[in-house]
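Its first residue numbered 5, the sequence shown is counted upward by one per residue in our numbering. One structure is given here, and the rest of the page talks about it.
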Amino acid sequence: MTDASAERTIVTAPDFTLTDQSGAGWTLSDHRDAAVLLVFYRGDW
């Protein structure tokens, strides 16, 4: 399969709010026009 024949699928994540390390809220929709990378760490330390 070449890039020209590949089909693109765009999936929009639902809006959500997380709490950052300083206790402030972080909402996905506030960053709608930017690239967002979320990293989740599983563990307890």
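Glycine is no exception: its CB is placed at the ideal position from the N, C-alpha and C atoms.
LEU32 in three-state terms, based on DSSP = helix
Which one or two residues does DSSP pair with THR21 in a beta bridge?
-> THR31
Candidates GLY27, ALA10, THR13 and THR31: which alpha carbon is nearest PHE20's?
-> THR31
Can you give the Cα-Cα distance for PHE44 and ILE14, rounded to whole angstroms?
-> 22 Å
Could you check the C-alpha separation between PRO18 and GLY29 for me, to the nearest Å?
-> 16 Å
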